[in-house]
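Protein chains in written order, with my numbering: chain Z, 10 to 486; chain P, 10 to 486.
Worksheet for the structure shown next.
This is how it looks when you write it as structure tokens:
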């Protein structure tokens, strides 16, 4: 490790400068490096291993619901991108254009996919003929490119990794059911695996995806009180089907348009993990996505038998993702590294411990120290990892709940946004103009109209007209 | 399945038109669809599931040797591509150029990566400082783009999926050892998992990778007697390190250049599986990469108890990748589909079988039928899958060996290439001009200088000058 020194230097305090704290963590925990390709990052082993654990567990959940993986081309001819009017308006301003193939200019330029609705539609048009071909529930894992002006590692970069599911169904009801099913799958994944509570709801007309009839979202609250959109699921109705001519012969022998959905989650989730769980010592990883769950750190490792015992312990803990740090650094240095990297449990083992047939477990999340007998350390570590996973969720939820406030009038709304930060729950008239005025005045956007509606009052918090929906507002990444 | 009819139509015989047979198989086995993005294919579920099994098993083997996965940007600025002279000459004519980001022309154009040596070098330049940072053994799974003129599904397409490993080492010896280690890992993978025998050897100067000091390759023989390069591993020495300035402080406190390697395998392997194992009924998949290993086909499924027994059997065979085809098609139709898709074992179960407490196993590779008791069907299926895997390798090896001939003089050489097809083993003088003349006269290129050298004669098969190496020649994909 060339960067040991930098790693154990103190990072910026999150209370002092949250944005700088974030940057310090992504760099010093070894998650990414900046590159000479502007707006694009290199994801290093410690970062990519988190993504692999996300992929594996999300993909398993997908497949349990009948999803099949496929791969579509990475380039989209301009004429294809233009077929659905709202969609091209949403994406054309922010795509990268390929105009030359080798030494020759292309007769038609192509963009690097910013998302693949148009490619899937072009594919489904030939692939689907009969009701027997439906539903199609396909997904791909790939990278996409959007030519963002301001970028930040994981949160907003010109290229990012994601999965994009694209489905086709015989009826509107079935498409809506799949849209909601995937949103709930995302929410459960965030809560169970990332230990991150989310609000499930629908985006407003203004905030929905380009070309969608309805966009559903899960919204999480970061440690600084800002919201992060963490996954979205779109119901396209038959809009794309009509634009692309995707028809099938139904059981009644009539030609009908399919109903479609799409849904995606991205490497942005790694940014969410950092900002929900991290602290002033660095990353704090939920055990289920920690590439290393247990780091064994030998104390006085030059003493006879210590390294042997550490290796023995690693074997005994083989059911977990476990490593021994037997490098020639000092234990204190190793502790700082393990904390910076967010490894959930540290096992300290030295000559005195060996003599007493024990070891010390140290929780990364609470720093609590627990002395355990070596005879039952595997059971104890297993239980502790489960406890940590559960406690991390509960702490994040308590933080989210204590930073969620109802606003009954406009003064309350502004006061909360300015002084309390976090989510504001408030009634809204349903008008885009009003939504825009709220954002202009406070910087807070509508995050979602939650599925779990509450009746806070009869009137819009901003304009006083009759209220249509309760909405979560917040400043957002 | 909209395409049932097409699927069970006879495909072109491979003896009549091998190229058309190949195209029929990739389409009718549902592996790919053509797209409106010229030269790029859509990989459908049946094709992508094979790739997922390749990825999983290859990645496990990588990690067992210390490989870590990372992700680099997909775009390469032109100035970066140009840093290593041979490399840019090799790739610049066949890359796709991005010239616009959104509405604005780029100040420097960037290509979609055709391979990522330059990006890894740019990364390693900052990432590596000290001998303690070495070795770096990184890999990425991604798609790359090369602007090919003639394309064929899996074998040569403008975009393809692959893995590319890029390593950095303190010494030349270590880099060479890693280059050979990965080539052997590839060879073992092809033989153990894809049941495909390969020749391991070194590429000639003419055929080596742009920028490499040495390229090693594994070469397989397809059913039509043509060779397919199936994986390559390159030793770059310190050439890229000098071009990019990748230096480290060694133990002796001196600044030194690193030594680098790269190695890759691609979706081309799926083409290899098709052309090594396929037959006139379609695909034949080795059990280890068969997304479905066992297809249970109920006979007279409307009779009471048949579907229940089929479902019961699926449970009993739960240790394998097993499905029941309980659609309303006829058994004969289902047999054809299962054969076209290359599923290794078909289980036939009907009322008479149930009465006799038995089922019939049918091997896809040999069509052999084996009646087994339902009590021990799980054991028998497990054994049979192993036998099929082994037999498929042995058959492919026998075919390869019977299509490999030694040529001691030029007449023999031409005769073999024209009449026998397959590999020609022959002595070679080591001159590029001679190698080119051989290719011009016969269409056969040097496939590799095998590690397992034989002394066939003292002189070059073509020019009669003193021989330096025994070489495998062949016409190739």
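Think of the CB as a built atom: it goes at the ideal place given N, C-alpha and C, for glycine as much as any other residue.
What three-state label does DSSP hand residue i in the structure shown?
i, result
"residue 462/P", "coil"
"residue 56/P", "helix"
"residue 292/Z", "coil"
"residue 478/Z", "strand"
"residue 467/P", "coil"
"residue 312/Z", "coil"
"residue 144/P", "coil"
"residue 287/Z", "coil"
"residue 31/P", "helix"
"residue 430/P", "coil"
"residue 534/Z", "This structure leaves residue 534/Z out entirely; chain Z is present only between 10 and 486."
"residue 14/P", "Caution is warranted here: a pLDDT of 46 is assigned to residue 14/P, below 50, making its placement in the model unreliable, and the coordinate value is therefore given only provisionally. Note: residue 14/P maps to helix in three-state DSSP."
"residue 352/Z", "coil"
"residue 262/Z", "coil"
"residue 418/Z", "coil"
"residue 234/Z", "coil"
"residue 99/Z", "helix"
"residue 114/P", "strand"
I want to verify the contact list: residues of chain P whose CB lies under 9 Å from the CB of residue i, in sequence order.
i, result
"residue 44/Z", "81, 82, 128, 131, 132"
"residue 89/Z", "45, 46"
"residue 102/Z", "111, 112"
CB-CB under 6 Å to residue i, same chain, minus the five flanking residues each way: which ones, in chain order?
i, result
"residue 369/Z", "357, 378, 380"
"residue 375/P", "none"
"residue 232/P", "284"
"residue 416/P", "422, 425, 433, 435, 470"
"residue 24/P", "none"
Looking only at DSSP bridge pairs, what is residue i linked to?
i, result
"residue 272/Z", "174/Z, 242/Z"
"residue 210/P", "226/P, 459/P"
"residue 1/Z", "A query on residue 1/Z cannot be resolved here, the shown segment of chain Z reaching from 10 to 486 and no further."
"residue 437/P", "478/P"
"residue 77/Z", "147/Z"
"residue 331/P", "303/P"
"residue 50/P", "43/P"
"residue 494/P", "Here chain P comprises residues numbered 10 to 486, so residue 494/P is not present and cannot be evaluated."
"residue 357/Z", "306/Z, 369/Z"
Name the chain Z residues that come within less than 7 Å of residue i, Cβ to Cβ?
i, result
"residue 262/P", "By Cβ distance, chain Z contributes nothing, its closest Cβ being about 15 Å from residue 262/P, past 7 Å."
"residue 136/P", "42"
"residue 208/P", "Within chain Z, no residue comes near residue 208/P; the closest Cβ sits about 30 Å away, beyond 7 Å."
"residue 106/P", "107, 108, 109"
Quick one: what's got a C-beta closer than 8 Å to residue i's C-beta in the same chain, skipping five residues either side?
i, result
"residue 181/Z", "246, 247, 268"
"residue 103/Z", "123, 155, 156, 157"
"residue 272/P", "173, 174, 188, 191, 192, 195, 240, 241, 242, 243"
"residue 475/P", "438, 467, 468, 469"
Within its chain, find whatever has a CB closer than 7 Å to the CB of residue i; leave out the 5 residues flanking it on each side and keep chain order.
i, result
"residue 387/Z", "325, 326, 328"
"residue 29/P", "21"
"residue 11/Z", "Model confidence at residue 11/Z stands at a pLDDT of 41, short of 50, so the residue's coordinates are unreliable and nothing is read from them."
"residue 323/P", "305, 331, 333"
"residue 446/Z", "471"
"residue 15/P", "Because the pLDDT at residue 15/P is just 47, under 50, the model does not fix this residue reliably, and the point stays unresolved."
"residue 8/P", "The question about residue 8/P has no answer, for chain P in this structure spans 10 to 486."
If contacts are defined as beta-carbon pairs under 8 Å, then residue i and residue j qualify, I think. What distance do you get, rounded to the angstrom?
i, j, result
"residue 219/P", "residue 99/P", "2 Å"
"residue 127/P", "residue 90/P", "6 Å"
"residue 235/Z", "residue 484/Z", "5 Å"
"residue 297/Z", "residue 398/Z", "6 Å"
"residue 92/Z", "residue 252/Z", "5 Å"
Mind pulling the chain P residues with CB within less than 8 Å of residue i?
i, result
"residue 78/Z", "54, 57, 58, 61"
"residue 345/Z", "Per Cβ cutoff of 8 Å: no residues; residue 345/Z is ~17 Å from chain P at best."
"residue 170/Z", "80"
Give me the chain P residues within the contact set of residue i, using Cβ-Cβ distance strictly less than 7 Å, ordered along the chain.
i, result
"residue 273/Z", "The premise fails here: residue 273/Z is roughly 17 Å from chain P at the closest Cβ pair, so nothing lies under 7 Å."
"residue 86/Z", "45, 46"
"residue 125/Z", "In chain order: nothing, as chain P lies at least about 10 Å away."
How would you list, in chain order, the residues of chain Z whose beta-carbon sits under 8 Å from the beta-carbon of residue i?
i, result
"residue 156/P", "110, 111"
"residue 177/P", "Ordered by position in chain Z, no residue passes the 8 Å Cβ test against residue 177/P, which lies about 12 Å from the chain."
Report the neighbours of residue i on chain Z: residues whose CB is nearer than 9 Å to its CB, in chain order.
i, result
"residue 252/P", "By Cβ distance, chain Z contributes nothing, its closest Cβ being about 15 Å from residue 252/P, past 9 Å."
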